[in-house]
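In our numbering, each number is its position in the sequence shown, counted from 1, plus 18.
All C-beta atoms, glycine included, are put in the ideal place defined by N, C-alpha and C.
Bear in mind that the values here come from a model prediction, so they are computed numbers and not experimental data.
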Amino acid sequence: MKSLKKAIALLMCLALVLSLAACGGNSGSSTSSSESSGSTESSENSESSGEESSEATEGETATGEFKLPIVDEPVELSYFVSASTNAAIVTTDYNDNEFYQEMERRTGVHLNFEMVSSADYQTNFNLMIASGTLPDLICYGASYYAEGVDAAIDDGYFMDLTDKVDEYMPNYQKIRKSDKNYELLSTTDSGRLGAVYELRQTKQGPWLGLWIRQDWLDDLGLETPETYEQWHDVLKAFKDEKGATAPLILNFSGSDGEFGMMSAGLGVLNGWQLNAEGKVTYGPYNDAWKEYVTTMRQWYEEGLIDPDFMSTDERTADMATVVTGKTGAIPAVYTMPSLYESSSEDKNMNWAPINPPVKNAGDELHIRLRDSYTSGNTAISADCENWEVAMKWLDYLFTEEGALLANYGVEGDTFTFEGDKPVYTEKITNNENGWNLAQTMDSYLCPSAGVANWSDWTRELGGVPEKDQTCYTVWTTNAKDDWRVPTISLTQEESTERAALYADMSTCVKENTAKFISGALDIEENWDSYIAELEQHGVQRAIEITQGAYDRYLAR
C-alpha cells in the first residue's frame, strides 16, 4: 500500500507542478486550499509555574511533575515545517529562533529543520510523501495528507498516538479533553489521534473580513453602508468623488470561500456550507450564487469593482493598490490595516471593519469566518525512532511553563509580568532591528502555528491598534457562523473520491464566476449549462459524501 501511495503522490505532485507552471504559479484560491486538506473542513491564559530561564530544571503542571531535560543524552529530531512569511524575512533556519534555542536548552532535544515555503507547502509535502523518507515531525501533517488522518495512519506514514498520549502527553491530553471542540477537531471518526494539535487557550473570533475607508465616508458625509443598495451608492461615491479606480477589491477572483466577502448577505459562499434547513450544500450550486454574480456583474459594469479582479487570486488586496488610495473597500486580516495606514502617504487614511452587505437592513448573517480553536498541528512519523522523546517534547508545550515560553519567551528578556499578565518588553515591541511585531514574534518566540502548542492568540493584539481590534465585535454583530460546515472527518475512500470530484468542480466555479462577473458570459443564457457542468462533475455525489461526514460529526 505504501509503495502505491508513493507513486500516486508523485503523480499528483508532478501534475501540480505542471499546473502551477501553466498558470504562473499563483497562490491558489480558498477553495483549493480547503480541499487540499482532504479530511477536514475548516472551520482556540496561562500563568507561569516557575522561573523562566535557560536554567529551568523542572516545572510543576496540573497533571504532575514534568522533569527537564527530557533526555539523559542529547537527541536530535528532524522537522518538516512551513517557513512563516514573517520569520522568512529575517531567517532561513529556525535554529536562529530564540524560542527553539531555549527549547533545546531546556529539553536536551535539537531540531534539524527542513523549512519550505508556505506558498509551495502542498507541493513539497507531496514530494516528501512520494519519497517515502519522512522526517520525525511534520508540521500541518493532518491538514495536508489528501486522504485524511486515518489513511495517513493506515498507509504507514503517521504514528497512531491514540494509545500513547495518556502516558507520554498527559498535559496535552488533559487540555484536549477539557473542551468538546478540542476533542472533535483532534479526533478522527474512527476515534484515533493521528497528530498533536495546536489548541488555543481561548476561542478566536473572525480574524479576516471586510474593511472600508472610514475617512472617505466621513469626508463625503456618508453613513456606514449596510444593504447592497447602500453599498452600491457608497462605492459609486468613492469612484466619482474620491477617484478610486478600484472602489471594491474582490478576493480570490470573485470566488471567496473563506468568509463570503460579498455573498454572505445572500446566504452563500464558495464552498461547503449548510442551508436554512441545516443540510449540507455546495454554495455555487445554489440560486443564491446566481444572485451574487448578477449583482457583481452590474457593479463591475459600472466600474465599482477592481477591473483586474480576475488576477487577484489571493486572500487580501494588493498592497500598492491599497496604500495609493485606489480602493475604498477591501478584504484584510485584522493585523493589516495599520500597516496600510502607516505605509501610505495619505496620513488621513483610516480603515474601519465592516460587515458584508445584506438584502434588507437588519438581516442577520449566517456566514462569516468561523470561530477557531486551532490553526495548526504536528504529526509524528510512523518511522520516528525517538517517538517517546518527540511526544514528551511536544507535551512540554502544553504545560503552563512551556506554553509561556512559546507565547511570550523568557521572563526578563522578552516579557515581564504586570500582576499575573505577561507583557512584552521593548525587545519585542520596539525591536532594535526595525522589525514589525509579527516579524519579531516569529523570530524570538514560537512562530505562529509553527508547532503544536497551547497557544495564546491574544499575544498578537499588542501590535494591533484598539480601533482595529473592534473588528472582533463588528464581524460578530448580527453575524453568526451557523451555516458553516464544522471540522469534519472523511474516510480514506470518501476523501479520495471527493477530492477528485472537487478538483473539476472548483475549476468550473472559478472560471465561470469570473466570466459571469466580467460579462464574458451572459448569466441568463449560460446559467443552466453551468449548473449542468457542475452536475456532470459530480457535485451531487460530493454533497452526499460531505453530508455523510457531517452526520457522523453530529453523532460524535
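Original post:
beta strand (DSSP E) containing Q291: first to last residue?
Top reply: Here residue 291 corresponds to residue number 273 of the sequence shown, with the count starting at 1. It spans 290-292 - the beta strand (DSSP E) in which Q291 sits, taken as one unbroken run.
**OP:** May I have the straight-line CA-CA distance separating P224 from Y490, to the nearest angstrom?
**Re:** The residue you call residue 224 lines up with position 206 of the sequence shown. The residue you call residue 490 lines up with position 472 of the sequence shown. Their Cα atoms are separated by approximately 6 Å.
Subject >> For Q316, the nearest candidate out of T434, I535, I267, E553 (CA to CA) >> reply: By 1-based counting over the sequence shown, the position of residue 316 is 298. The option with the nearest alpha carbon to Q316 is I535.
Original post:
Do T180 and R218 come within 7 Å of each other at the CB atom, strictly closer than that value?
Top reply: In the sequence shown, residue 218 corresponds to position 200, counting from 1. In the sequence shown, residue 180 corresponds to position 162, counting from 1. The answer is no: Cβ separation not under 7 Å.
**OP:** Would you check if the distance between the CB atom of T125 and the CB atom of I88 is smaller than 7 Å?
**Re:** In the sequence shown, the residue the question calls residue 125 occupies position 107. In the sequence shown, the residue the question calls residue 88 occupies position 70. Result yes, Cβ atoms of T125 and I88 sit closer than 7 Å.
**OP:** Report back the beta-carbon spacing between A467 and S393 to the nearest angstrom; my notes put them in contact at under 8 Å.
**Re:** On the sequence shown, residue 467 is found 449 positions in, with the first residue counted as 1. On the sequence shown, residue 393 is found 375 positions in, with the first residue counted as 1. Sure, about 5 Å apart at Cβ, within 8 Å.
**OP:** Please classify T75: is it buried, with 16 or more other beta-carbons within 10 angstroms of its beta-carbon, or exposed?
**Re:** Here residue 75 is taken as the residue at index 57 of the sequence shown, counted from 1. Per-residue confidence for T75 stands at a pLDDT of 39, beneath the threshold of 50, marking its modelled position as unreliable; the derived number appears in the next sentence. Result: exposed.
**OP:** Could you tell me which of G566, H384, T151 sits nearest to L284, measuring between CA atoms?
**Re:** Translated into positions along the sequence shown, residue 284 becomes position 266. Minimum Cα distance to L284 is reached at H384.
**OP:** Following the continuous beta strand (DSSP E) through A532, name the residue where it begins and the one where it ends.
**Re:** Residue 532 sits at position 514 when you count from the first residue of the sequence shown. Premise fails: A532 lies in the alpha helix (DSSP H), 510-536, not in any beta strand (DSSP E).
Original post:
Expressed to the nearest angstrom, what Euclidean distance is found between the alpha-carbon atoms of F270 and E444?
Top reply: In the sequence shown, residue 270 corresponds to position 252, counting from 1. In the sequence shown, residue 444 corresponds to position 426, counting from 1. Roughly 38 Å between the two C-alpha positions.
Original post:
Out of curiosity, what's the CA-to-CA distance linking E185 and R123?
Top reply: The residue given as residue 185 occupies position 167 in the sequence shown. The residue given as residue 123 occupies position 105 in the sequence shown. So the two alpha carbons sit approximately 24 Å from each other.
Original post:
Taking Cβ positions, are T432 and Y462 nearer each other than 7 Å?
Top reply: Residue numbering aside, residue 432 sits at position 414 when the sequence shown is read from its first letter. Residue numbering aside, residue 462 sits at position 444 when the sequence shown is read from its first letter. Yes, they are a contact pair.
Original post:
Straight-line CA distance for A306 to S507?
Top reply: The residue given as residue 306 occupies position 288 in the sequence shown. The residue given as residue 507 occupies position 489 in the sequence shown. A306 and S507: Cα-Cα distance of roughly 27 Å.
Subject >> Collapsed DSSP secondary structure at H555 in the structure displayed >> reply: Against the sequence shown, residue 555 aligns to sequence position 537. DSSP places H555 in coil when its eight states are reduced to three.
Original post:
How many angstroms separate the CA atom of Q558 from the CA atom of A294?
Top reply: On the sequence shown, residue 558 is found 540 positions in, with the first residue counted as 1. On the sequence shown, residue 294 is found 276 positions in, with the first residue counted as 1. Roughly 18 Å separates the two Cα atoms.
Subject >> Per-residue DSSP class, three states only, for T443 >> reply: For the purposes of this step, residue 443 is taken as residue 425 along the sequence shown, with counting starting at 1. It is coil, neither helix nor strand.
Original post:
Straight-line CA distance for L268 to D154?
Top reply: In the sequence shown, counting from the first residue as 1, residue 268 sits at position 250. In the sequence shown, counting from the first residue as 1, residue 154 sits at position 136. The straight-line gap from Cα to Cα measures roughly 41 Å.
**OP:** With a threshold of 6 Å, establish whether the CB of L211 neighbours any heavy atom of the ligand SAH.
**Re:** With respect to small molecules bound, the structure shown includes none, and the ligand SAH cannot be examined in it.
**OP:** Quick one: measure Cβ to Cβ for A421 and L415, integer angstroms, because I've assumed they're closer than 8 Å.
**Re:** Translated into the one-based positions of the sequence shown, residue 421 becomes position 403. Translated into the one-based positions of the sequence shown, residue 415 becomes position 397. The pair is a contact, with the Cβ atoms about 6 Å apart (cut-off 8 Å).
Subject >> Best match in Y162, F84, E320 for proximity to T396 [C-alpha to C-alpha] >> reply: Within the sequence shown, the letter at position 378 stands for residue 396. For T396, the nearest C-alpha among the options comes from Y162.
**OP:** On a CA-only basis, which of E450, A470, V341, P371 is nearest M187? Give me that one, please.
**Re:** Taking the first residue of the sequence shown as position 1, residue 187 is located at position 169. Nearest option by C-alpha distance: A470.
Original post:
Which of helix, strand or coil does DSSP assign to S507?
Top reply: The residue given as residue 507 occupies position 489 in the sequence shown. It is coil, neither helix nor strand.
Subject >> Close beta carbons around W369, own chain, < 6 Å, minus the five adjacent residues each side >> reply: On the sequence shown, residue 369 is found 351 positions in, with the first residue counted as 1. Answer for W369: W229, P355, listed in chain order.
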